[in-house]
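Notes to accompany the following structure.
Residue numbers (our numbering): 593 to 1132.
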């Protein structure tokens, strides 16, 4: 950090900002926008960015995967705490050191074995309840927030994914479920998603789930409606035998989630046949899919897609939808190619030479779509899993996503007053840079506008804030790669005891008594609480 006294003139570069924004995820770090042309006198401070650390900011970073079924090893955390990695001198890594979140796939019947009984309730001790406790405790110990995806469709599973009480209620009303055979012998049933009893029971489950997990201290985001094949909301089967209930069901489930999960982000699947009876149809797509996704976005939904790296299933349509919303809503990515399920010839047919090359393709699709998260897929046979592949065949891309994909915000230059007069007025000039391709989604309705840029007068002995000043014009969701954003902030000093203080800046969470809520990517002069200290100031 360097300082010198000089006069700084901050200019408006709005036209350049608009040009950069129109060009997608720009690779340039030049330019600027925002603020005003007011002159500010004081101490100029430059901040050195941290380009390496895992910052664990909201809705950002690598996501570990897990589930509650028998495919989860009892020593899951032991496996991931000591994963063989030929890319580092130690020969192993602790995977959670690279991640921010843990995703748990939830099959409805596993989580809700009887009506009114849930595996997170005290006293429930099913195997699935034991696994959930193990995963939650391990995530908390490692500083990871939780993510949940749901499945409420039994096709392609060897047991019923929907609780038995749901079928009993449907049949008591004189209606039916539909049956399918998986593998060679498993006969399973699934409710029609337009069935009123299914909707009543599913809404009851979701409200109970939200009562426990609609908590930003625990949960990072919620995704996967559970309807359709693999819970990905395509290949739907309706009671009518056609798509006529499609939009009504879509409206029902999106309204339910928007009303139920009010404090953690929720995500809708970006699929070209969303809610349709069709799974895929060559290069064709349903023109209603984008309209429905937009309806969800307008209700506050974020985005997710499960086919990154697959050239057939993640093509121009998917890319264009994600680009359209890239600065309105964050996107969660999931790789489509699964080492344990797909052959080498399959990926070679998609143009890849090996599994390390697949990882590169996933990374490039993710960066091109400005996604906020990428996935470390799990397999109990560790060397067959995607996580092992990332760390042993594509380690450079693990680090590149941390450095370049995740949003990394910092004020590269500021001008701050050296003296303040209690009861007077003062001005600060500051410019912000986002080093990452993704954007910081402070505009999500579930965040309730709680993240604010705050300048603090710190007690130099304790590093505790004595006075805070909030610059409401500085919105982190506006800071995009390649477009530094400038502000001039004029404020009332208010009543402050005379003495010496230290300027600091942070992005605080106003719902947490103004504790730092988004870590700034500053390399030096960061307090344990996350404030970036800047310069000395005397109050008269």
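From the three backbone atoms N, C-alpha and C, an ideal C-beta is built for every residue, glycine too. The structure displayed is predicted, hence computed values, not measured ones.
query                                                                                                                                     : result
Per-residue DSSP class, three states only, for residue 858                                                                                : strand
Of the listed residues 942, 825, 810, nearest to residue 816 (C-alpha basis)                                                              : 825
Residue(s) in a DSSP beta bridge with residue 675                                                                                         : 685
Residue 747 vs residue 718 beta-carbon contact at 8 angstroms                                                                             : no
C-alpha distance - residue 804 paired with residue 855, whole-angstrom precision                                                          : 12 angstroms
Among 902, 666, 926, nearest to residue 944 - alpha-carbon criterion                                                                      : 902
Minimum C-alpha distance to residue 868 - residue among 678, 880, 924                                                                     : 880
Opposing strand residues paired with residue 1082 [DSSP bridges]                                                                          : 1019
4 or more residues per run - each alpha helix (DSSP H) lying fully within the segment 736 to 788                                          : 756 to 764
For residue 891, the three-state DSSP class (helix, strand or coil)                                                                       : coil
Proximity winner among 637, 844, 990, 948, relative to residue 655 (alpha-carbon distances)                                               : 990
8 angstroms Cβ cutoff met for residue 986 and residue 961                                                                                 : no
Validate contact between the segment 842 to 861 and the segment 679 to 699 using beta carbons, cut 8 angstroms, 3 pairs                   : no
Residue closest to residue 745, alpha-carbon to alpha-carbon, out of 1073, 822, 876                                                       : 822
Cβ neighbour criterion (16 or more within 10 Å) applied to residue 1124                                                                   : buried
Residue 691 - containing alpha helix (DSSP H), residue span                                                                               : Note, residue 691: premise wrong, no alpha helix (DSSP H); beta strand (DSSP E) at 691 to 699.
With 16 other Cβ atoms within 10 Å as the buried cut-off, status of residue 1140                                                          : Residue 1140 is absent from the structure shown; the chain starts at 593 and stops at 1132.
Whole runs of the alpha helix (DSSP H) within the segment 787 to 817, excluding any shorter than 4 residues                               : 788 to 805
Proximity winner among 733, 678, 702, relative to residue 723 (alpha-carbon distances)                                                    : 702
Nearest residue (CA-CA) to residue 1084, options 1090, 1059, 1052                                                                         : 1059
Minimum C-alpha distance to residue 876 - residue among 1050, 864, 883, 885                                                               : 864
Length-filtered (3 minimum) beta strand (DSSP E) runs lying within the segment 956 to 1028                                                : 965 to 968, 1001 to 1008, 1017 to 1026
Residue 660 (DSSP reduced to helix, strand or coil)                                                                                       : coil
CB of residue 1069 within 8 angstroms of CB of residue 1037, strictly                                                                     : no
Three-pair Cβ contact test at 8 angstroms for the segment 653 to 669 versus the segment 1000 to 1012                                      : no
Counterpart residues of residue 1099 in DSSP-defined beta bridges                                                                         : 1045, 1110
Same chain, Cβ closer than 7 angstroms to residue 704, neighbours up to 5 away in sequence not counted                                    : 710, 755, 797
Residue from 636, 1114, 720, 1096 with nearest C-alpha to residue 644                                                                     : 1114
Where residue 719 falls: helix, strand or coil (DSSP)                                                                                     : helix
Neighbourhood of residue 888 by C-beta, 6 angstroms cutoff - its chain only, sequence neighbours within 5 removed                         : 846, 860
Terminal residues of the alpha helix (DSSP H) in which residue 1142 lies                                                                  : In this structure the chain extends from 593 to 1132, so residue 1142 is not present and cannot be described.
Among 969, 639, 895, 725, the one whose alpha carbon lies nearest that of residue 813                                                     : 895
At least three beta-carbon pairs within less than 8 angstroms, the segment 737 to 744 to the segment 690 to 700                           : yes
Beta-carbon contacts of residue 928 that lie in its chain and below 7 angstroms, excluding the five residues immediately before and after : 898, 899, 900, 901, 902, 905, 906
Meets three-Cβ-pair contact criterion under 8 angstroms: the segment 970 to 977 and the segment 909 to 924                                : no
Top-ranked residue by Cα proximity to residue 650, from 1121, 809, 1065, 988                                                              : 809
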